[in-house]
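Encoded as structure tokens, the structure appears first; notes follow it.
Have a look at this one:
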């Protein structure tokens, strides 16, 4: 494998490690502050509202995040700036319309959701405060993915991982002290909104001097890519990560939701290194596949699987053996969530050890396989959740979530081998 591709990704990933590390630290601090200020019950209301808003955002994005990443990367790499600006404008307008509609729907339905779905009347005001977050989160995410497609890794990481928690942290104390859980929701909306505004300015600055006389992109091509990805996104970023928490909110208590929500966010730290690599490696996958360099693509993927697994191992061990202490940072009520944290961390460890397989399939045009992996995982997760959550609460939700994460990545790894001949877990090997 030529060193140029490896070191290009490694340099970008090194920057991403630093920025993602700062962002992860800020996000962790934000969640700890939420737990400390609101307690388990108040944090539970916040996480329930966040789950509704996040699912609304995932649906509203129409699968455009990965589509914009893919076509912006391909257009920028080939110098076709008409395609870059065309797909960006079309995607952003579509997402703006759908996300504003979804935000309005959540605001209008907030009392019904709080009373009839979760049986938590106090949730209404938090949903009202956070509903606009559907629009701000969608806009922030699509801008970050578009900047990633331009290989502006620093800008993308600032928008997606650093600005929101930093801004929210500066606002959360006065807002929570004055408004309670709705104040935390306001901090979320203001943080994501400010990050989106800065991301828009960064995008404009990066494309200000490009040659694009007639920005245009074929609508049929956009839909052909984003519709399969839409179904995938709804399952992978909406149903799979949030359904255990939602069902726990229905069958359990707000306190349990708060503990599980905090544990979920801590467990995501295991994927810190993988997420940083994905930020850089996804556009490279698209570039190498477009040039027919499949062997190089496979070697690159395997090298970074090894790198991220080694880097994440100490953190995984820490969360497994000191889970009660880590959860106790959120407050005394959270310390009993150590076992749940260990289970969730194990699921994320499988994610790390299989690497960027989902991005590998998407960037090489095999979106249908990612959709199938998502459907399989969803069915397994729902079965586990229905069987385990009513009787086992937080532990049942943790097992359901971990099973879903592991199943997605194991199936995707198998399909990477079938479609591309790349055996992710065995460096240097592939189909004969």
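In the numbering used here, the protein residues as written are 71 to 502. All C-beta atoms, glycine included, are put in the ideal place defined by N, C-alpha and C.
Backbone secondary structure at residue i - three-state DSSP
i, result
"residue 492", "strand"
"residue 402", "helix"
"residue 202", "coil"
"residue 248", "helix"
"residue 286", "coil"
"residue 434", "coil"
"residue 215", "helix"
"residue 105", "helix"
"residue 188", "coil"
"residue 483", "helix"
"residue 407", "helix"
"residue 426", "coil"
"residue 115", "helix"
"residue 150", "coil"
"residue 87", "helix"
"residue 421", "helix"
"residue 128", "helix"
"residue 323", "coil"
Cβ-based burial, residue i [other Cβ within 10 Å; buried from 16]
i, result
"residue 341", "buried"
"residue 128", "buried"
"residue 478", "buried"
"residue 345", "buried"
"residue 362", "exposed"
"residue 288", "exposed"
"residue 247", "exposed"
"residue 384", "exposed"
"residue 175", "exposed"
"residue 369", "buried"
"residue 154", "buried"
"residue 422", "buried"
"residue 135", "buried"
"residue 418", "buried"
"residue 439", "buried"
"residue 391", "exposed"
Pick from the options that is closest to residue i, judged by C-alpha positions
i, options, result
"residue 143", "433, 466, 183, 173", "433"
"residue 306", "88, 450, 252, 216", "450"
"residue 139", "130, 122, 149, 161", "161"
"residue 331", "195, 101, 376, 240", "101"
"residue 121", "315, 351, 489, 396", "315"
"residue 113", "324, 364, 276, 391", "324"
"residue 199", "317, 427, 250, 480", "250"
"residue 215", "204, 492, 228", "228"
"residue 447", "392, 309, 393", "309"
"residue 179", "147, 201, 268", "201"
"residue 466", "488, 441, 413, 374", "413"
"residue 190", "379, 98, 115, 266", "115"
"residue 211", "290, 181, 137, 187", "137"
"residue 404", "452, 459, 328", "328"
"residue 192", "262, 256, 119, 242", "119"
"residue 303", "463, 366, 371, 124", "124"
"residue 298", "431, 488, 459", "431"
Sequence ranges, alpha helix (DSSP H) only - wholly within the region 217-249, length at least 4
223-227, 233-249
Starting from the N-terminal side, write out each stretch of the alpha helix (DSSP H) that is 4 residues or longer and does not extend beyond the region 329-396.
342-360, 364-391
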